[in-house]
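In case it helps, full-length UniProt numbering puts the sequence shown at residues 1 to 449. Glycine included, every Cβ here is placed at the ideal spot set by N, Cα and C. What follows is a set of notes on a single structure, which appears directly below.
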Amino acid sequence: MWFAKKQAKMISSSKSEFSLVLTGDIAPSRRLFPEEDIIDILQDADATVGNFEGPITEACGPPAGFNNGMYLRTPPCLLEDLLNAGFDSFTAASNHSADFLWKGMISTMTAFEERNVPYAGLGRNIEAARAPAYLDTSAGRLGVVAASNELKPGTHAGTSVPRGEPRPGVAPLRTSPVYRVSHEQLAQLKSISEAIGLERIKSGLNMSLDDGKHLMLDLGHGQGIHFMASEGEPRVTYQLSSVDADALLKQIEQATHRSDVTVASLHVHTGANGRINDQSVPEFLEVVAHKCINAGADVVMCHGPHVLRGIEIFNDAPIFYSLGDFAMQHQTIEEFPAEMYTIHDTDPDTMPGTFVKMLEEDSGFPATMAPKSKLGKSILPLCTFDDGLTVKLYPLDLGKDKPVYQRGSPQLADKELAINILDDLERLSTMYGTSIERSDGIGTIRITG
């Protein structure tokens, strides 16, 4: 839990509205100079919340041994650029939070704390990672709760005990995939499992779901593949951890009692039916987002896939299923650990710039199932709470076709691109019945109280 007061642009406590700006993923590697129009939007709001994807640390190591496609790292000095631009609180739960293990996470928390910046989703133990962060402003109090669905084993925070030091880490919102197949296909899978000896390996293991309708294939280290006989076409669904979901909702309820406006932040790369980093929304995310609103959240902001997803209005509260990126500058990271070269089978003497260019040309990062044309297009929502809620949607251009040293920095989209982004957003939101007005390249959603 972390508290702070917003000092800039103090206003009368009699103000009857509260304005909130939200952004997608942030991972700068060089100085950020957003254009004045964006700075005005960020600074004029009573609160601005962004999701920091990756550690804030000077050191390039020791690195994690697992592969997230890229080792992200932001030098602490660049946090100042974001604060000067108007950010005053962050969420820090993502699959990249542990790219440099516990030292990177401690460095991230220290960077926020030394600057008195509220952050949520990351902590020195699970209790702190799950706890709300609070921002006090003269217009009201903001509460933020954050969790990440995309985690490698062991990167979630550990529980405090009387003896022993807890593990720093991320607030988890774990899911496990369930591969739904026909009864005949399940029988075939079990026959294959028996033939190659996997059924013997499972002897003595706790496989309580292993019956006529389910088949568990053990992968070791507590990991497994869950097949389930179902009607209809073969597909992938996701089973949400009830422990993680209940903990998330409990913290949202706590924040709701202690703040005027509550934000739930969810980092989710997963798409529908086994897809990843595309514009589809998995059913479990819709379910948990609805539960967040029912628990008291005034808005749910999601991020992770690096592309836009639709907007749903549920019980008069907006759910942004993905805001895209706000600042993604992996192209100019100055140094990578040896693991990065090993993972991608590349000569470790390859210069970082050449290496990233090779990755992008091979579709290595961001790894997306969406067309590459969808990358670098985001929205910046401004939510104004008064008697109802008005959401202004500012299309953003991250300059994906610019030189690498200019790429990944946000600017307001020009007229043609703004139309393209809003068209895409409207298409994605239609399935939720969301109506978006337009004027001068800006979208608007109105919710009457």
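- Query: Considering Cys292, what are the terminal residues of the beta strand (DSSP E) in which it resides?
  - Reply: Counting from 1 along the sequence shown, the entry for residue 292 is found at position 292. No beta strand (DSSP E) contains Cys292, which is instead part of the alpha helix (DSSP H) from Glu283 to Ala295.
- Query: Given 8 Å as the limit, is there contact between the stretch 32-44 and the stretch 79-86, that is, 3 or more CB pairs closer than that?
  - Reply: Cβ pair count under 8 Å is three or more, so yes.
- What are the partner residues of Asn51, as DSSP defines its beta bridges? For this step, residue 51 is matched to residue 51 along the sequence shown. Its beta-bridge partners are Asp25 and Thr91.
- Message: Quick check on the DSSP output: what are the complete beta strand (DSSP E) runs of length 3 or more inside the stretch 95-162, in order along the chain?
- Response: Entirely contained in the stretch 95-162, the beta strand (DSSP E) runs reaching 3 residues are, in chain order, 133-137 and 140-148.
- Query: What are the boundary residues of the beta strand (DSSP E) that includes Asp325?
  - Reply: The residue given as residue 325 occupies position 325 in the sequence shown. Asp325 to Met328 is the span of the beta strand (DSSP E), which, as asked, contains Asp325.
- Message: Taking only three categories from DSSP, how would you classify Pro352?
- Response: Residue 352 sits at position 352 when you count from the first residue of the sequence shown. Of the three classes helix, strand and coil, the one that applies to Pro352 here is helix, per DSSP.
- Query: If Ala386 and Ser16 are in contact, beta carbons under 8 Å, what's the gap, nearest whole angstrom?
  - Reply: On the sequence shown, residue 386 is found 386 positions in, with the first residue counted as 1. On the sequence shown, residue 16 is found 16 positions in, with the first residue counted as 1. For the sequence presented, residue 386 should be read as Asp rather than Ala. Asp386 to Ser16, Cβ: 6 Å. Contact.
- Are the CB atoms of Ala272 and Pro282 nearer to each other than 7 Å? On the sequence shown, residue 272 is found 272 positions in, with the first residue counted as 1. On the sequence shown, residue 282 is found 282 positions in, with the first residue counted as 1. Between Ala272 and Pro282, the CB-CB gap stays under 7 Å.
- Query: Do you know offhand how far Lys357's Cα is from Gly399's?
  - Reply: Residue 357 sits at position 357 when you count from the first residue of the sequence shown. Residue 399 sits at position 399 when you count from the first residue of the sequence shown. Distance between the alpha carbons of Lys357 and Gly399: 16 Å.
- Message: Short of 6 Å in beta carbon distance, which residues of its chain neighbour Ala64, apart from the five on each side in sequence? Order them along the chain.
- Response: Taking the first residue of the sequence shown as 1, we reach residue 64 at position 64. Counting only Cβ-Cβ distances below 6 Å, and skipping sequence neighbours, we find Ala98, Asp99 and Leu101.
- Query: Can you tell me whether Ala418 is buried or exposed, with buried defined as 16 or more other CB within 10 angstroms of its CB?
  - Reply: Here residue 418 refers to the residue found at position 418 of the sequence shown. Answer is buried; the Cβ neighbour count reaches 16.
- Task: May I ask which residues mark the beginning and end of the beta strand (DSSP E) holding Tyr321?
- Result: Within the sequence shown, numbered from 1, the residue matching residue 321 stands at position 321. Counting along the chain, Tyr321 falls outside any beta strand (DSSP E), and DSSP gives it neither H nor E.
- Item | Leu20 versus Cys60, Thr384 and Leu393, residue with shortest Cα-Cα distance | What you label residue 20 is simply residue 20 of the sequence shown in a count that begins at 1. From the listed residues Cys60, Thr384 and Leu393, the smallest Cα separation to Leu20 is found for Thr384.
- Message: Under DSSP, the beta strand (DSSP E) around His257 begins and ends at which residues?
- Response: Taking the sequence shown and counting its residues from 1, the one referred to as residue 257 is at position 257. From DSSP, His257 is part of no beta strand (DSSP E) but of the alpha helix (DSSP H) over Ser242 to Arg258.
- Message: Can you check which of these residues, His290, Leu79, Glu184 and Ser160, is closest to Gly169 by C-alpha distance?
- Response: Locating residue 169 in the sequence shown gives position 169, where the first residue counts as 1. Residue Ser160 is the option with its Cα nearest to Gly169.
- Please find out if some non-hydrogen atom of the ligand COA comes closer than 6 Å to the beta-carbon of Glu312. The model depicted lacks the ligand COA and carries no ligand whatsoever.
- Residue span of the alpha helix (DSSP H) that contains Asp397, given as start and end: In the sequence shown, the residue the question calls residue 397 occupies position 397. Run containing Asp397: none in the alpha helix (DSSP H); it sits in the beta strand (DSSP E), Leu389 to Asp397.
- Residues bridged to Glu301 (per DSSP): Counting from 1 along the sequence shown, the entry for residue 301 is found at position 301. The identity of residue 301 in the sequence shown is Met, whereas the question assumes Glu. According to DSSP, Met301 bridges with Ser265 and Phe320.
- Message: Our contact map puts Leu151 next to Asn95 with C-beta atoms below 8 Å; I'd like the distance itself, whole angstroms only.
- Response: As a first step, residue 151 is located in the sequence shown; it is residue number 151 there, counting from the start. As a first step, residue 95 is located in the sequence shown; it is residue number 95 there, counting from the start. So it is a contact: roughly 6 Å between Cβ atoms.
- Message: Beta-carbon within less than 7 Å of Ser14's beta-carbon, same chain only, minus the 5 sequence neighbours each way: which residues are those?
- Response: The count along the sequence shown starts at 1 and reaches residue 14 at position 14. Because Ser14 carries a pLDDT of 44, less than 50, the predicted location of this residue cannot be relied on, and the following value inherits that uncertainty. Apart from sequence neighbours up to five positions away, no residue of its chain approaches Ser14 with a beta-carbon distance below 7 Å.
- Message: Taking only three categories from DSSP, how would you classify Gln188?
- Response: On the sequence shown, residue 188 is found 188 positions in, with the first residue counted as 1. If DSSP states are grouped into helix, strand and coil, Gln188 belongs with the helices.
- Message: Using a Cβ-Cβ cutoff of less than 8 Å, which residues in the same chain neighbour Val307 once the five nearest sequence positions on both sides are dropped?
- Response: In the sequence shown, counting from the first residue as 1, residue 307 sits at position 307. Scanning its chain for C-beta atoms nearer than 8 Å, with the 5 sequence neighbours on each side dropped, one finds around Val307 the residues Asn277, Asp278, Gln279, Ser322, Gly324, Thr368, Ala370, Lys374, Leu375 and Lys377, in chain order.
- Message: Per the DSSP calculation, Gly441 is bridged to which residue(s)?
- Response: The count along the sequence shown starts at 1 and reaches residue 441 at position 441. DSSP lists no beta-bridge partner residue for Gly441.
- Task: Would you decide whether Ala269 is buried or exposed? Buried here means 16 or more other CB atoms lie within 10 Å of its CB.
- Result: As a first step, residue 269 is located in the sequence shown; it is residue number 269 there, counting from the start. In the sequence under discussion, the amino acid at residue 269 is His, which differs from the Ala named in the question. By the 10 Å Cβ count, His269 comes out buried.
- For Arg180, does the count of other Cβ atoms within 10 angstroms reach 16, so buried, or fall short, so exposed? Counted from its first residue, the sequence shown places residue 180 at position 180. It counts as buried.
- Who are the Cβ neighbours of Pro381 in its own chain at under 6 Å, not counting the five residues just before and after it? Here residue 381 refers to the residue found at position 381 of the sequence shown. Same-chain partners within the cutoff: Leu22, Val391 and Leu393.
- Item | Between the CA atoms of Val145 and Pro132 - distance to the nearest angstrom | Here residue 132 is taken as the residue at index 132 of the sequence shown, counted from 1. Here residue 145 is taken as the residue at index 145 of the sequence shown, counted from 1. If you take the alpha carbons of Pro132 and Val145, they lie about 5 Å apart.
- Query: Just how far apart, CA to CA, sit Gly433 and Leu266?
  - Reply: Counting from one through the sequence shown, the residue named residue 433 turns up at place 433. Counting from one through the sequence shown, the residue named residue 266 turns up at place 266. Gly433 and Leu266: Cα-Cα distance of roughly 22 Å.
- Message: Strictly by DSSP, which residues pair up with Val404?
- Response: Position 404 of the sequence shown, counting from 1, holds the residue named residue 404. Beta-bridge pairing links Val404 to no other residue.
- Using 10 angstroms around the beta-carbon of Cys77, count the other beta-carbons present and answer buried if the total reaches 16, otherwise exposed. As a first step, residue 77 is located in the sequence shown; it is residue number 77 there, counting from the start. So Cys77 ends up on the exposed side.
- Message: What would DSSP say about Asp235, mapped onto helix, strand or coil?
- Response: Along the sequence shown, one-based indexing puts residue 235 at 235. Residue identity check: residue 235 is Arg in the sequence provided, not Asp. DSSP places Arg235 in strand when its eight states are reduced to three.
- Task: For Thr332, name the three-state secondary structure that DSSP assigns.
- Result: Looking up residue 332 in the sequence shown gives position 332. Correct three-state label for Thr332: helix.
- Under three-state DSSP, which class holds Ser429? Looking up residue 429 in the sequence shown gives position 429. It is helical.
- Task: Would you mind stating whether Leu79 and Ala111 have Cβ atoms separated by less than 7 Å?
- Result: Taking the first residue of the sequence shown as 1, we reach residue 79 at position 79. Taking the first residue of the sequence shown as 1, we reach residue 111 at position 111. Going by C-beta atoms, Leu79 is nearer than 7 Å to Ala111.
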